[in-house]
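First up is the structure itself, then whatever we jot down about it.
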Amino acid sequence: MPDRAALLGEVRRRFRAGEGFALATINLDHLAKMTVSPDFARVYARQDLVVADGWPVVALSRLARRPVARLPGSDLVVPLCRIAAEEGAEVAFVGSSEQALADAAAALEARVPGLRVGLRIAPSRDFDPTGREAGEILRRLAEDGVRLCFLALGAPKQEALAARGRTVAPAVGFASVGAGLDFLGGHQIRAPRWMRAAGLEWLWRMLGNPMRMGPRYARSAMVLPGQAVRALKLRWFGG
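For reference, each letter of the sequence shown is one residue, going 41 to 279 in the numbering used here.
Here is the structure:
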């Protein structure tokens, strides 16, 4: 999706048409995962709507002369909830922990008048998006009439569940937002606004958890040259 207006307009259209969707927020970590996991690449190809989450992806789009706006998943939760409230669409949360989901629901319902958060499901620690537990969750969403479900499971689990949900619960819109619900509920602290504006949110996250995030960002950096070459090929030769 090129920008926020296009995304929100398409989401509203799908709500009114009774159509579901799978929304993914692509970043350099996802691109790194796709280079080593054909399964994850296939899952991403099944997402209906994809936005750029991270400055490297925006920079690559500009290099390819196909510019898109930066739309972090965490910044989309409130706007999507506003559209859901306006369209009378019930919202659900899947992921994180029971307390984090309860706190996020309270924060959003206080912020968005008319918002209805129905199901809040914190899966088991060994959650498998292809397993029986996932199937039961998707059936519950469909039976409850949920129209928008935020997935806070991390990649690749949340994108895989969304792709499966397009078959099991086709009227549900799935939005993969990572830590977005934890931020709203106060269970994780997001980078200050000035760091986000300067493209330094990655540094904040790495300093907060260097053992986990350091290797992730190192892997991401390794795929950047190859992605830049692909962007230049698109710029010069199209495709």
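C-beta: ideal position from N, C-alpha, C; glycine also.
Closest Cα partner of residue i within the set the options
{"i": "Leu89", "options": "Ala192, Arg270, Ser216, Leu193", "result": "Ser216"}
{"i": "Pro196", "options": "Tyr257, Ala72, Arg160, Glu59", "result": "Ala72"}
{"i": "Arg165", "options": "Leu193, Arg151, Gly94, Arg52", "result": "Leu193"}
{"i": "Trp242", "options": "Ala200, Pro265, Arg102, Ser260", "result": "Ser260"}
{"i": "Ala62", "options": "Arg270, Leu47, Pro78", "result": "Leu47"}
{"i": "Met235", "options": "Trp95, Asp143, Gly266", "result": "Trp95"}
{"i": "Gly185", "options": "Arg245, Ala124, Trp244", "result": "Ala124"}
{"i": "Gly248", "options": "Arg187, Pro232, Pro163", "result": "Pro232"}
{"i": "Ala129", "options": "Gly113, Ser77, Val51", "result": "Val51"}
{"i": "Gly58", "options": "Ala162, Pro169, Arg187, Gly278", "result": "Arg187"}
{"i": "Gly226", "options": "Gln139, Pro163, Asp168", "result": "Gln139"}
{"i": "Asp93", "options": "Met251, Ala147, Thr75, Ala109", "result": "Ala109"}
{"i": "Tyr84", "options": "Val269, Gln198, Leu264, Phe167", "result": "Gln198"}
{"i": "Gln228", "options": "Leu240, Gly239, Trp244", "result": "Trp244"}
{"i": "Leu264", "options": "Pro42, Met74, Met41", "result": "Met74"}
{"i": "Ile66", "options": "Ser77, Phe167, Pro78, Met41", "result": "Met41"}
{"i": "Phe167", "options": "Asp143, Arg151, Val131, Ser137", "result": "Ser137"}
{"i": "Val152", "options": "Gly239, Val131, Arg82, Arg53", "result": "Val131"}
Residues that residue i bridges to, as DSSP identifies them
{"i": "Phe133", "result": "Arg160, Phe190"}
{"i": "Thr65", "result": "Val91"}
{"i": "Phe214", "result": "Ala62, Cys189"}
{"i": "Arg110", "result": "Ala92"}
Residue i and residue j closer than 9 Å at C-beta
{"i": "Leu221", "j": "Gly154", "result": "no"}
{"i": "Ala209", "j": "Leu178", "result": "yes"}
{"i": "Glu149", "j": "Phe55", "result": "no"}
{"i": "Ala182", "j": "Val212", "result": "yes"}
{"i": "Leu141", "j": "Arg122", "result": "no"}
{"i": "Val91", "j": "Ala64", "result": "yes"}
{"i": "Asp69", "j": "Arg256", "result": "yes"}
{"i": "Phe133", "j": "Phe190", "result": "yes"}
{"i": "Arg230", "j": "Ala237", "result": "no"}
{"i": "Phe214", "j": "Gly60", "result": "yes"}
{"i": "Met262", "j": "Gly254", "result": "no"}
{"i": "Ala200", "j": "Phe80", "result": "yes"}
{"i": "Val180", "j": "Leu111", "result": "Here the sequence assigns Arg to residue 180, which means Val is not the residue at that position. The answer is no: Cβ separation not under 9 Å."}
{"i": "Ala258", "j": "Leu100", "result": "no"}
{"i": "Arg206", "j": "Arg86", "result": "yes"}
CB contact below 9 Å: residue i versus chain D
{"i": "Asp69", "result": "The structure shown contains no chain D, having only a single protein chain."}
Using 8 Å as the Cβ pair cut-off and three pairs as the minimum, do the region 110-122 and the region 169-176 touch?
no
Mind the definition here: the region 266-274 touches the region 100-109 only if three or more C-beta pairs lie below 8 Å; say whether that holds.
yes
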